[in-house]
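Written out below as structure tokens is the structure these notes cover.
Protein chains: 2
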Amino acid sequence: MSNSQTAKAVSLQQLRQNCANCSLHDLCLPAGINDQDLDNLDRVVAERRRVDRGQFLYLPGQPYTSLFVVRFGSFKSVASLPDGEEQIIGFHLTGELLGLDSLGPGKHQAAAQALETSSVCEVPYDQLERVAHAVPGLQRQLLNMVSRELNQEQNHLVLITRKSARARLATFILGYARRLEARGHRTDEFTLSLSRYDLANYLGLAVETVSRLFTSFRDEGMLRVERRRIGILDRDALKRESDHCD
Amino acid sequence: MSNSQTAKAVSLQQLRQNCANCSLHDLCLPAGINDQDLDNLDRVVAERRRVDRGQFLYLPGQPYTSLFVVRFGSFKSVASLPDGEEQIIGFHLTGELLGLDSLGPGKHQAAAQALETSSVCEVPYDQLERVAHAVPGLQRQLLNMVSRELNQEQNHLVLITRKSARARLATFILGYARRLEARGHRTDEFTLSLSRYDLANYLGLAVETVSRLFTSFRDEGMLRVERRRIGILDRDALKRESDHCD
DNA sequence: CGGCTGCTTGATTACGCTCAAGATTAGTGG
DNA sequence: CCACTAATCTTGAGCGTAATCAAGCAGCCG
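As given, the protein sequences belong to chains A and B, one line each in that order.
Taking my numbering, the leading residue of the first sequence gets 181, the next gets one more, and so forth.
Taking my numbering, the leading residue of the second sequence gets 181, the next gets one more, and so forth.
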């Protein structure tokens, strides 16, 4: 009895102050919010939820009730096409928000699937809205993050429409490295959480093409490639490939 | 003197209550806002500004201070590429918001250029934020519209990555007609505000391809095509083309 | 009328897809 | 532990869609 009480106290304690102590502090919603307001936000975060590789966080059509933040791991956003195929419209690393596109329609537009063992913070949207109303900084930060998402989407659109297969992959690798860097990981050597299939789908290419490109880049001395383990050997060359329009 | 006073009074009167009387009421920011709050919003709308064909409403890099709503006419959003080329990432009809992607970064990410003689409402962002803080419905509506923009962007991404040139054009035509319909225009006959060049750019195709597709669709009896004047003859056939993946 | 821009049409080429098979790794159960 | 299967990835050959290159045509303006 006393045991369970203690456990409950600890868990409450964990729920509180977690945003303040979280390493994602700057990447996440709390960015630019003072300590007191942070506490308010903290109270709203309902749950930290674990999602195993391949599991869905939500499916299209489900009602949109919560906003999710990736605590660790990674997710892909997948849209289903009429012909049964799927299109990956985004993937999300630590600190990034999930499902902002569903905020307007009120129901999820895409599926969110974990690429590896992952964890998310779940923030019930109506409560977040309530807190945001009291905390202008949070409101602004929320808008900022949706806007940022819009920007990423636009950059990706330009990537797909204007760049060659080589440039697409090079851009992706560099962008991926940059995102890891912002999260404090080493940037010259990393493992992709995406399969070749997912990567190809995301870049609007065939799997075979992506595979061939990896071997090309390896043969040309730009990358070390060993399955999903990637090493960047010549960043400048990659940059050139990336900039190379058409 | 008395003359100028009268003029000023009239102009103030015009500025007030314009949102309430505006035909875009339902499409625009005021959607779902009660009369009193509407008056608050109304006070914030600084200016109705005319923009002639080819004129820029803003350029990339300029500070983002105001949100714009299209009152009539149409605009394209254009991103500049490193090689001097440009990519049209969106175009905006009556009632649609402009520059939501720049809300986060604080400076404009793309240029907005009028496709025809157009007019916009300018809403200074800091004032809008102030009003939105007092009016939860407005805050929500603002988020909804950014989210909707995100959705459109995603749909466009899927269009570009997964569909053939034929399907892209067919989808565009139908979508364009639907958007006109929502604005009370006839849907079987209309004129495109985009040039072939812009249309091709937006759809990620070459001008020649778009031109060829128009003649194909005409020859197959789906469209009437006369320069930018388009008539839809067989909506079902267009729909089939549009759905036809790959 | 000439000069300009926007659009159409034709011929050729190339980039990346499809189809097909093999190689490597991971997962599973006897 | 190894055999077996399934999944993931790589490599090769041929093809197709849409881009590119190159004129020619129509509308629009001074």
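By construction, the Cβ of each residue, glycine as well, lies at the ideal position given by its N, Cα and C atoms.
Do you know how far the Cα of glutamine 289 of chain A is from the Cα of histidine 365 of chain A? Here residue 365 of chain A refers to the residue found at position 185 of the first sequence. Here residue 289 of chain A refers to the residue found at position 109 of the first sequence. C-alpha separation (whole angstroms): 31 angstroms.
Following the continuous beta strand (DSSP E) through tyrosine 238 of chain A, name the residue where it begins and the one where it ends. One-based indexing of the first sequence puts residue 238 of chain A at position 58. From DSSP, the beta strand (DSSP E) with tyrosine 238 of chain A extends over 236-238.
Do we get a CB-CB distance below 7 angstroms when we pair isoleucine 269 of chain A with the residues of chain B? Counted from its first residue, the first sequence places residue 269 of chain A at position 89. Cβ-Cβ to chain B under 7 angstroms: yes for isoleucine 269 of chain A.
Am I right that valine 250 of chain B and valine 300 of chain B are in contact with their C-beta atoms under 8 angstroms? What's the rounded C-beta distance? The residue you call residue 250 of chain B lines up with position 70 of the second sequence. The residue you call residue 300 of chain B lines up with position 120 of the second sequence. Indeed they touch by this definition, with Cβ atoms about 6 angstroms apart.
Does the beta-carbon distance from arginine 409 of chain A to threonine 351 of chain A come in below 7 angstroms? Within the first sequence, numbered from 1, the residue matching residue 409 of chain A stands at position 229. Within the first sequence, numbered from 1, the residue matching residue 351 of chain A stands at position 171. No, they are not a contact pair.
Is arginine 376 of chain A helix, strand or coil by DSSP? On the first sequence, position 196 is the one that residue 376 of chain A refers to. Three-state DSSP puts arginine 376 of chain A in a helix.
May I have the straight-line CA-CA distance separating phenylalanine 394 of chain B from glycine 241 of chain A, to the nearest angstrom? Your numbering for residue 394 of chain B matches position 214 in the second sequence. Your numbering for residue 241 of chain A matches position 61 in the first sequence. Their backbone Cα atoms lie some 35 angstroms apart in a straight line.
Helix, strand or coil, according to DSSP, for valine 315 of chain A in the structure here? Here residue 315 of chain A refers to the residue found at position 135 when the first sequence is read from its first residue. Here valine 315 of chain A sits in coil by DSSP.
Who are the Cβ neighbours of alanine 291 of chain B in its own chain at under 6 angstroms, not counting the five residues just before and after it? Translated into the one-based positions of the second sequence, residue 291 of chain B becomes position 111. Phe236, Leu239, Pro240 and Val258.
Nearest-angstrom Cβ-Cβ length linking cysteine 199 of chain B and proline 262 of chain A, presumed shorter than 8 angstroms: Within the second sequence, residue 199 of chain B is the residue found at index 19, counting from 1. Within the first sequence, residue 262 of chain A is the residue found at index 82, counting from 1. Actually they are not in contact, since the Cβ atoms of cysteine 199 of chain B and proline 262 of chain A sit about 39 angstroms apart, beyond 8 angstroms.
Is glutamine 185 of chain A helix, strand or coil when you go by DSSP? Taking the first residue of the first sequence as position 1, residue 185 of chain A is located at position 5. Confidence at glutamine 185 of chain A is low in this model, with a pLDDT of 47, below 50, so the placement of that residue should be treated as unreliable; the coordinate-derived value is given next. Glutamine 185 of chain A falls in the helix class under three-state DSSP.
What separation, rounded to the nearest whole angstrom, lies between the Cα atoms of valine 225 of chain B and glutamine 321 of chain B? Here residue 225 of chain B is taken as the residue at index 45 of the second sequence, counted from 1. Here residue 321 of chain B is taken as the residue at index 141 of the second sequence, counted from 1. Valine 225 of chain B and glutamine 321 of chain B: Cα-Cα distance of roughly 16 angstroms.
My output table needs one value for histidine 336 of chain A: the three-state DSSP class, helix, strand or coil. The residue labelled residue 336 of chain A in the question sits at position 156 within the first sequence. Residue state, collapsed to three classes: helix.
What does aspartate 281 of chain B touch in chain A if you count any residue whose Cβ is under 7 angstroms from its own? For the purposes of this step, residue 281 of chain B is taken as the residue at position 101 of the second sequence. The answer, in chain order, is Ser327, Leu330, Asn331 and Gln334.
Taking 6 angstroms as the limit between beta carbons, can you name the residues of its chain near glycine 411 of chain A, skipping five residues before and five after? What you label residue 411 of chain A is simply residue 231 of the first sequence in a count that begins at 1. So the qualifying residues of the chain are Glu369 and Arg404.
Going residue by residue through the stretch 340-373 of chain B, where are the continuous beta strand (DSSP E) segments of at least 3 residues, counting only ones entirely within it? 369-371
Less than 8 angstroms between the CB atoms is what I'm expecting for alanine 294 of chain A and phenylalanine 255 of chain A, so what's the real figure, rounded? As a working mapping, residue 294 of chain A is identified with position 114 in the first sequence. As a working mapping, residue 255 of chain A is identified with position 75 in the first sequence. 6 angstroms between Cβ atoms; contact.
Mind checking whether serine 422 of chain A and alanine 347 of chain A have CB atoms under 7 angstroms apart? Taking the first residue of the first sequence as 1, we reach residue 422 of chain A at position 242. Taking the first residue of the first sequence as 1, we reach residue 347 of chain A at position 167. Cβ distance < 7 angstroms, so serine 422 of chain A and alanine 347 of chain A count as in contact.
Among B:Pro210, B:Ile353, B:Val315 and B:Gly284, whose alpha-carbon lies nearest the alpha-carbon of leucine 413 of chain B? Walking along the second sequence from the start, residue 413 of chain B turns up at place 233. Here the closest residue by C-alpha is B:Ile353.
So with CB distances below 8 angstroms, who are the chain B contacts of asparagine 324 of chain A? The residue you call residue 324 of chain A lines up with position 144 of the first sequence. Near asparagine 324 of chain A (Cβ distances below 8 angstroms), the residues of chain B are Leu283 and Gly284.
Since leucine 278 of chain A and histidine 272 of chain A should fall inside the 8 angstroms C-beta cutoff, what is the C-beta to C-beta distance between them, to a whole number of angstroms? Along the first sequence, read from residue 1 onward, the residue named residue 278 of chain A stands at position 98. Along the first sequence, read from residue 1 onward, the residue named residue 272 of chain A stands at position 92. About 6 angstroms separates the two Cβ atoms, so the contact holds.
Nearest residue (CA-CA) to serine 344 of chain A, options A:Pro243, A:Asn220 and A:Val390: Translated into the one-based positions of the first sequence, residue 344 of chain A becomes position 164. When only C-alpha atoms are compared, the closest one is A:Val390.
Partners in chain B for aspartate 217 of chain A, counting only beta-carbon separations shorter than 7 angstroms: Position 37 of the first sequence, counted from the start, is the residue given in the question as residue 217 of chain A. Simply none; closest approach about 14 angstroms.
For a test of the three-state rule: what should DSSP assign to arginine 404 of chain A, helix, strand or coil? Here residue 404 of chain A refers to the residue found at position 224 of the first sequence. Arginine 404 of chain A falls in the strand class under three-state DSSP.
Express the C-alpha separation of arginine 223 of chain A and arginine 342 of chain B in angstroms, rounding to a whole number. Here residue 342 of chain B refers to the residue found at position 162 of the second sequence. Here residue 223 of chain A refers to the residue found at position 43 of the first sequence. Going by the C-alpha atoms only, they are around 43 angstroms apart.
Check whether the Cβ atoms of arginine 328 of chain B and glycine 284 of chain A lie closer than 7 angstroms to each other. Mapped onto the second sequence, residue 328 of chain B falls at position 148. Mapped onto the first sequence, residue 284 of chain A falls at position 104. Contact: yes.
Listed by chain order, chain B residues near histidine 313 of chain A by CB distance under 9 angstroms: In the first sequence, counting from the first residue as 1, residue 313 of chain A sits at position 133. Within 9 angstroms Cβ-Cβ: His313, Pro316 and Gln319.
Buried or exposed (CB count within 10 angstroms, at least 16 for buried), proline 243 of chain A: Residue numbering aside, residue 243 of chain A sits at position 63 when the first sequence is read from its first letter. By the 10 Å Cβ count, proline 243 of chain A comes out exposed.
Assuming leucine 221 of chain A and valine 311 of chain A form a contact by the criterion Cβ under 8 angstroms, report the distance between their Cβ atoms to the nearest whole angstrom. To locate residue 221 of chain A, count along the first sequence from 1; it is residue 41. To locate residue 311 of chain A, count along the first sequence from 1; it is residue 131. Right, their Cβ atoms sit about 6 angstroms apart.
Any chain A beta carbon closer than 7 angstroms to cysteine 425 of chain B: The residue given as residue 425 of chain B occupies position 245 in the second sequence. Chain A contact via Cβ: present.
I'd like to know if glycine 384 of chain B contacts chain A, where contact means its C-beta is closer than 7 angstroms to some C-beta of that chain. Locating residue 384 of chain B in the second sequence gives position 204, counting from the first residue. Taking Cβ atoms only, chain A reaches closer than 7 angstroms to glycine 384 of chain B, which makes this a yes.
Cβ of isoleucine 412 of chain B within 7 angstroms of any chain A Cβ: Position 232 of the second sequence, counted from the start, is the residue given in the question as residue 412 of chain B. Cβ-Cβ to chain A under 7 angstroms: no for isoleucine 412 of chain B.
With distances taken between CB atoms, is the gap from serine 373 of chain B to glutamate 296 of chain B smaller than 7 angstroms? Working through the second sequence from its first residue, we reach residue 373 of chain B at position 193. Working through the second sequence from its first residue, we reach residue 296 of chain B at position 116. Going by C-beta atoms, serine 373 of chain B is nearer than 7 angstroms to glutamate 296 of chain B.
Proximal residues of chain B, C-beta to C-beta of leucine 337 of chain A below 8 angstroms: Here the question's residue 337 of chain A lines up with position 157 in the first sequence. In chain order: Gln267, Ile269, Glu333, His336, Leu337 and Ile340.
Going by the DSSP bridge assignment, what does alanine 294 of chain A pair with across the sheet? Walking along the first sequence from the start, residue 294 of chain A turns up at place 114. Note: alanine 294 of chain A sits in a beta bridge opposite A:Phe255.
May I ask you to report which of helix, strand or coil DSSP gives cysteine 301 of chain B? Here residue 301 of chain B corresponds to residue number 121 of the second sequence, with the count starting at 1. If DSSP states are grouped into helix, strand and coil, cysteine 301 of chain B belongs with the strands.
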